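Residue numbers (full-length UniProt numbering), protein chains in the order written: chain Y, 1 to 215; chain V, 1 to 215; chain R, 1 to 215; chain C, 1 to 215; chain P, 1 to 215; chain X, 1 to 215. The structure appears below as structure tokens.
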């Protein structure tokens, strides 16, 4: 617990006076512990060796290392976070949304096929899919709340990207996992009709092992 | 075009003076035409017979009639919209998200089985599914950006709900449609791996007719 | 009220880790108790039988049943609430404002004469009154902070409406009650001059019984 | 009014490049004309002799000189405005609300009796009236959307205050004027019941001359 | 500690019920103690004799008396604060920024030479300096985050201004103090290169006594 | 620059209908041209080869390549941008602020000595300087509006960082340039007193060539 008591909330950097900090219960904002501004230090805004090394990729061939308010408490209220994403050859960061953030991404190594789907359009239009092949140094934007993915089309080489998100706590919803791998499961009656398949297809899907790609 | 020129933006109700309104190009905010506040009238905040009648349900057995800033331009900047949802017997409003809004819903007629899935949790936890059976007068909340659905479990009777959303332009993303019915299609390589199925299952899914439930 | 301690704040659904939740003092956001996200359940987003039944109307002939963050703690930070309003024959929801919300309303039964008054305009203009008679299924918008009312003009039949507000805690200020029924009373010198009446008219007004229509 | 076309929007101070500014239609944000940042000058953030002189007070004995985005276009999007308020002996700034702003006030000369009324409380509580007598240099806060007033209790000396508001376009709703002096009038049936008086009292009130105190 | 426990947070004025206020640990929002709304009183929105008297000016000839959420806890979440600034003859409020607020200022006495510098422009443009001489009653705006100052050019007479800021906790960063007077000092290698001067010039600057003008 | 006229504003992705898009004047939000959502394409969210190559550093030894709403118009309203920063050996990104954004930074190559200065503290405290040496993969946060810098302490090797900012238009104010290199210059009387130096020191500073590091 020692380190938790050293967290600071920047929003109150100027506001907290000592009589407030002497209360026996720690002061919290958004559920996070704050700190007397005169006691804050650089470690409250720092995470060592966070994004330098490739991580082992998961079963769909990716790994997301997100540095958000859980890793750097000084981010509280500041509306930003950063991530490194590793992609195995032919690996993907599967279709997902961030319920509270837009994402901007740049490729550090390799090639990525990326895309997002717009929200529903008036009939007879369908949800529009916008995609692009990105090379090193290219930048792409995934607007808040829209379903998007990245895929490494190269069968031999890994890829690496840096992504930034417009929230200190963006959240992530991997579509396949949330729909077919939730605990408890969503009724297969509902899903069979929604996805226009037989119930046993849904049952098969729900029986897979759903590993969360990132949170 | 006559009606469009009569739209008002409430945010500037007090601010616009005549020399500004006399410009030959209409004033717009968020892309919508504004109106001199002295010329605004009650029709700019009104939609007749919007939500009283059952509508024909779609192939999954529901119909969403959303009254947003497209129907009532006076809603611009005001952060709210309202909808009536009709459900056929065994009909559903299939799993979807609103990228820019929380939804609160109450049942007017019939019974609904509703639920939402939380965002990804740290392993070994899975996305949590929270559900409830709602009867007439019950109220339920679907937090912003989370995947949710409503299903009418009654094989004989329709159901009706009123829902409100915390945006004048909430958007909707029907998951199955956005993932399998986009234009153009998402690569079946990507989707097969994401959903842990064979590519021909994806191809079959993509070959279905995907009708947008609502926008 | 034991269940109140199990309320959850959705904004931290992804953020709270166990060492934070084990603190002996409950975590609060906006003054409300939060909950470990793995312990949240559907009841935190649900209110049973909230809006199905007519309620006894007050002395001006209406009853507002508001479901806000006090009734459903999961609404915290989510910016929306919902209400059922019952109107006796010739009853009204008297002129009031919501200091923190826009309202959108639809009629479920009966007829309503509704209106709002714009804020002050440059002289010689006066505050503009915009009104409309609403029938079943009509939708009307009351912009944030403006004085508005609903009146059931039918001497024989009740009316019912569903309203949604763009805040989880919109507040309500019934004009007559706040001006003439406050505790303690506002000086009758001030009010007599403001309303251009004799002081004994003010005194008579202040002597009435002011029942709060809703909060 | 040539100078109106030279107004700048600060929010885009860094963003507009010349190819955007060369469009024949002026660029607007919130309905106000913007300006190429390289052409902006100090006059766009300045109003001369705005608040130095006493102004003639109105029939309730006050005058509000508000400097908002209409007077200084550079205020657009910046969320603040300032006002000088003059009070005749026994004059008042009558009960009013600002639908989009909190107000903070300090007395420059004389004495003021000020107060605000909280929003509706759960029964049996009534709207609470909080008041204070202010002398030179005292500071008081009127929270957003709440009904408040200032009254000069001195029968011989005027008073002066400076007030600031948390919006570049706060709006003002003088309660008596909006309720009894709107154009057109609110139905006296509605108002008689809301204010618990006879209709002829309402008619008498509506027949007064309602001069807008400020906008 | 008695007075601290009587602070109120307005945002929850309508929301807190007694079972919440009876918890043994005080409820806080933004790190400030809240109060049961039925126990709030006018003192929570009031500061006596805050801005009436000239204060002793500091070594650069000014004094800022800021009334923010630290002085009036009822300001919490309301987004505004107010200040009196005294200027000795030839005194200045030196170049500084407010990281979280726009400032609007009016002159009460004397004359002020004021200005702000825009943010960086595309080359070959330089940061633009906008300035103005203000007399009594003039109003000027300093946009959020931009470097600005006020200077009293009169060698014989003091000056006084009232300023309002668009945050209950605007913060202030006096440029010279933050750059040359921080604790610990910034490396003189870094500053010498940034300011294009010899290191001994930086060392001399850092050796001065840096008194904080205001916070 | 023809493609610039085809930029889209995502915020209205769902809202614009064709009759609005057919107006002869383009629709703008925040001063930027919007686009019919059915005509939007991936290029509106993409910038090729934006951040892959080292750029020539400026006279203080750095180069900031910022991808904001000027480079990718689809970023409008989405609240994020990204930058690559190159540092020559012993080069620095000199002390500066972002008036509208927090920055989060990770090192791609080399070593950086970074720091920021807190805002003014109550006497006798001084502005606190928090600093850290960052190696490859470390992450550091510079809170919104605070003065910060990065310096490459290695005399032989360059360094590279990726930074993200919590605004699509964060702005930058290089302190030395804004204070000493503005156009026109700030009065040396004012600056001499503020910085506690002789006027000829200020004159010498103002005579330097001030090249904008980034905008």
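Heads up, the beta-carbon is just placed ideally off N, CA and C, and yes, glycines get one too. On a predicted model such as this, the values are computed, not experimentally measured, just so you know.
When we look at the beta-carbon of residue 9 (chain R) and count the other beta-carbons within 10 Å, is it buried (16 or more) or exposed?
Start at 1 with the first residue of the third chain, and residue 9 (chain R) comes out as number 9. Below a pLDDT of 50, predicted positions are generally treated as unreliable, and residue 9 (chain R), at 31, falls in that range; the measurement from the model is reported next regardless. Around the beta carbon of residue 9 (chain R), 16 or more other beta carbons lie within 10 angstroms, which makes this residue buried.
What is the DSSP secondary structure of residue 21 (chain R), counted as helix, strand or coil?
Residue 21 (chain R) sits at position 21 when you count from the first residue of the third chain. Low per-residue confidence applies at residue 21 (chain R): pLDDT is 28, beneath 50, and the placement is therefore not dependable enough to give any value.
Buried or exposed by the 16-neighbour rule on C-beta atoms within 10 Å, applied to residue 152 (chain P)
Residue mapping note: residue 152 (chain P) aligns to position 152 of the fifth chain, counting from 1. Residue 152 (chain P) comes out buried.
Would you mind sorting residue 183 (chain Y) into buried or exposed? The rule is 16 or more other CB atoms within 10 Å of its CB.
As a working mapping, residue 183 (chain Y) is identified with position 183 in the first chain. Result: exposed.
Does the distance from the C-beta atom of residue 216 (chain X) to that of residue 64 (chain X) stay below 7 Å?
Here chain X comprises residues numbered 1 to 215, so residue 216 (chain X) is not present and cannot be evaluated.
If you drop the 5 nearest sequence neighbours on each side, which residues of the same chain put their C-beta closer than 7 Å to that of residue 55 (chain V)?
By one-based count along the second chain, residue 55 (chain V) stands at place 55. Here the set comprises 63, 65, 86.
At a CB-CB cut-off below 7 Å, which residues of chain P make contact with residue 66 (chain C)?
Here residue 66 (chain C) is taken as the residue at index 66 of the fourth chain, counted from 1. Here the premise fails: no neighbours, minimum Cβ distance about 11 Å.
Counting Cβ pairs, one atom from each stretch, are 3 or more of them under 8 Å apart for the stretch 172 to 186 of chain X and the stretch 125 to 132 of chain P?
By the criterion of at least three beta-carbon pairs nearer than 8 Å, the stretch 172 to 186 of chain X is in contact with the stretch 125 to 132 of chain P.
Grouping DSSP H, G and I as helix and E and B as strand, with all else coil, what is residue 50 (chain X)?
As a first step, residue 50 (chain X) is located in the sixth chain; it is residue number 50 there, counting from the start. In the three-state reduction of the DSSP assignment, residue 50 (chain X) falls in the coil class.
Answer yes or no: do residue 101 (chain X) and residue 167 (chain X) have a C-beta to C-beta separation smaller than 7 Å?
Position 101 of the sixth chain holds residue 101 (chain X). Position 167 of the sixth chain holds residue 167 (chain X). With respect to the 7 Å criterion, residue 101 (chain X) and residue 167 (chain X) are classified as neighbours on the basis of their beta carbons.
Please decide whether residue 157 (chain P) counts as near chain C, where near means a Cβ-Cβ distance under 7 Å.
Residue 157 (chain P) sits at position 157 when you count from the first residue of the fifth chain. No, residue 157 (chain P) lies away from the interface with chain C (no Cβ there is under 7 Å from its Cβ).
Does residue 60 (chain Y) get closer than 7 Å to chain V when you measure Cβ to Cβ?
Counting from 1 along the first chain, the entry for residue 60 (chain Y) is found at position 60. Answer yes: the Cβ-Cβ gap between residue 60 (chain Y) and chain V drops below 7 Å somewhere.
Assuming residue 104 (chain C) and residue 162 (chain P) are in contact, meaning their beta carbons sit under 8 Å apart, how far apart are those beta carbons, in whole angstroms?
Locating residue 104 (chain C) in the fourth chain gives position 104, counting from the first residue. Locating residue 162 (chain P) in the fifth chain gives position 162, counting from the first residue. Not quite, the Cβ-Cβ distance comes to about 11 Å (not below 8 Å), so this is no contact.
Taking any Cβ of chain V, which residues in the stretch 181 to 195 of chain Y have a Cβ under 9 Å from it, in chain order?
Residues passing the 9 Å Cβ filter: 181, 182, 183, 184, 185, 186, 187, 189, 190, 191, 193, 194, 195.
Report buried or exposed for residue 133 (chain X), applying the criterion of at least 16 other Cβ atoms within 10 angstroms of its Cβ.
One-based indexing of the sixth chain puts residue 133 (chain X) at position 133. With fewer than 16 Cβ atoms within 10 Å of its Cβ, residue 133 (chain X) is classed as exposed.
By how many angstroms is the C-alpha of residue 97 (chain P) removed from the C-alpha of residue 174 (chain X)?
If you number the sixth chain from 1, residue 174 (chain X) lands on position 174. If you number the fifth chain from 1, residue 97 (chain P) lands on position 97. Going by C-alpha positions, residue 174 (chain X) is about 13 Å away from residue 97 (chain P).
Report buried or exposed for residue 93 (chain X), applying the criterion of at least 16 other Cβ atoms within 10 angstroms of its Cβ.
For this step, residue 93 (chain X) is matched to residue 93 along the sixth chain. Buried is the call here.
Could you give the DSSP three-state label for residue 108 (chain R): helix, strand or coil?
Against the third chain, residue 108 (chain R) aligns to sequence position 108. Strand at residue 108 (chain R).
At least one CB of chain C closer than 7 Å to the CB of residue 147 (chain R): is that the case?
Along the third chain, one-based indexing puts residue 147 (chain R) at 147. So yes, residue 147 (chain R) belongs to the interface.
Go ahead and pull the three-state DSSP assignment for residue 44 (chain R).
For the purposes of this step, residue 44 (chain R) is taken as the residue at position 44 of the third chain. In this structure, residue 44 (chain R) counts as helix in the three-state DSSP scheme.
Listed by chain order, chain P residues near residue 52 (chain C) by CB distance under 7 Å
Residue mapping note: residue 52 (chain C) aligns to position 52 of the fourth chain, counting from 1. For residue 52 (chain C), the residues of chain P that pass the 7 Å Cβ criterion are 136, 137, in the order they occur in the chain.
Element boundaries [alpha helix (DSSP H), containing residue 160 (chain Y)]:
The count along the first chain starts at 1 and reaches residue 160 (chain Y) at position 160. Per DSSP, residue 160 (chain Y) belongs to no alpha helix (DSSP H); it is in the beta strand (DSSP E), 159 to 165.
Please report the distance separating the alpha-carbon of residue 69 (chain X) from that of residue 46 (chain X).
For the purposes of this step, residue 69 (chain X) is identified with residue 69 of the sixth chain, where counting begins at 1. For the purposes of this step, residue 46 (chain X) is identified with residue 46 of the sixth chain, where counting begins at 1. Each residue's alpha carbon lies about 11 Å from the other.
Which listed residue (Y:117, Y:159, Y:58, Y:67) has its alpha carbon closest to that of residue 50 (chain Y):
Start at 1 with the first residue of the first chain, and residue 50 (chain Y) comes out as number 50. Out of Y:117, Y:159, Y:58, Y:67, the CA that lies nearest to the CA of residue 50 (chain Y) is found in Y:67.
Who are residue 85 (chain P)'s beta bridge partners in DSSP?
Along the fifth chain, one-based indexing puts residue 85 (chain P) at 85. Checking the DSSP bridge columns, you'll see residue 85 (chain P) partnered with P:64, P:161.
Is the separation between the beta-carbon of residue 160 (chain X) and that of residue 140 (chain X) shorter than 7 Å?
Residue numbering aside, residue 160 (chain X) sits at position 160 when the sixth chain is read from its first letter. Residue numbering aside, residue 140 (chain X) sits at position 140 when the sixth chain is read from its first letter. Judged by their CB atoms, residue 160 (chain X) and residue 140 (chain X) are not nearer to each other than the 7 Å cut-off.
Please confirm if residue 128 (chain P) has its CB atom under 7 Å from at least one CB of chain X.
For the purposes of this step, residue 128 (chain P) is taken as residue 128 along the fifth chain, with counting starting at 1. Chain X, which has a Cβ nearer than 7 Å to the Cβ of residue 128 (chain P), makes this yes.
Would you kindly work out how many angstroms separate the C-alpha atoms of residue 44 (chain P) and residue 38 (chain V), rounded to a whole number?
Here residue 44 (chain P) corresponds to residue number 44 of the fifth chain, with the count starting at 1. Here residue 38 (chain V) corresponds to residue number 38 of the second chain, with the count starting at 1. One C-alpha to the other measures close to 39 Å.
Contacts of residue 84 (chain R) in chain C (Cβ-Cβ under 7 Å)
Locating residue 84 (chain R) in the third chain gives position 84, counting from the first residue. Correct list: empty, because the minimum Cβ distance to chain C is about 17 Å.
With 16 other Cβ atoms within 10 Å as the buried cut-off, status of residue 148 (chain C)
Taking the fourth chain and counting its residues from 1, one reaches residue 148 (chain C) at position 148. In the assembly as shown, residue 148 (chain C) is a buried residue. Its beta-carbon has 16 or more other beta-carbons within 10 Å.
If you compare alpha carbons, which of R:117, R:211, R:194, R:111 is closest to residue 193 (chain C)?
For this step, residue 193 (chain C) is matched to residue 193 along the fourth chain. With distances taken between CA atoms, residue 193 (chain C) lies nearest to R:211 out of R:117, R:211, R:194, R:111.
Which word fits residue 155 (chain C), buried or exposed, when buried means at least 16 other C-beta atoms lie within 10 angstroms of its C-beta?
For the purposes of this step, residue 155 (chain C) is identified with residue 155 of the fourth chain, where counting begins at 1. Counting Cβ neighbours within 10 Å, residue 155 (chain C) comes out exposed, since fewer than 16 surround it.
Please work out which residues of its chain come closer than 6 Å, Cβ to Cβ, to residue 99 (chain X), disregarding the five sequence neighbours upstream and downstream, and give them in chain order.
To locate residue 99 (chain X), count along the sixth chain from 1; it is residue 99. These residues qualify, in order along the chain: 171.
Is the CB-CB distance between residue 107 (chain C) and residue 138 (chain C) below 7 Å?
On the fourth chain, position 107 is the one that residue 107 (chain C) refers to. On the fourth chain, position 138 is the one that residue 138 (chain C) refers to. Taking 7 Å as the cut-off, the beta carbon of residue 107 (chain C) is found closer than this to the beta carbon of residue 138 (chain C).
DSSP-derived helix/strand/coil call for residue 208 (chain Y)
On the first chain, position 208 is the one that residue 208 (chain Y) refers to. Residue 208 (chain Y): coil per DSSP, three-state reduction.
Kindly indicate which three-state DSSP category residue 11 (chain X) falls into: helix, strand or coil?
Indexing the sixth chain from 1 puts residue 11 (chain X) at position 11. At residue 11 (chain X) the pLDDT is 29, less than 50, meaning the model places this residue with poor confidence; the figure from the coordinates comes in the next sentence. Correct three-state label for residue 11 (chain X): helix.
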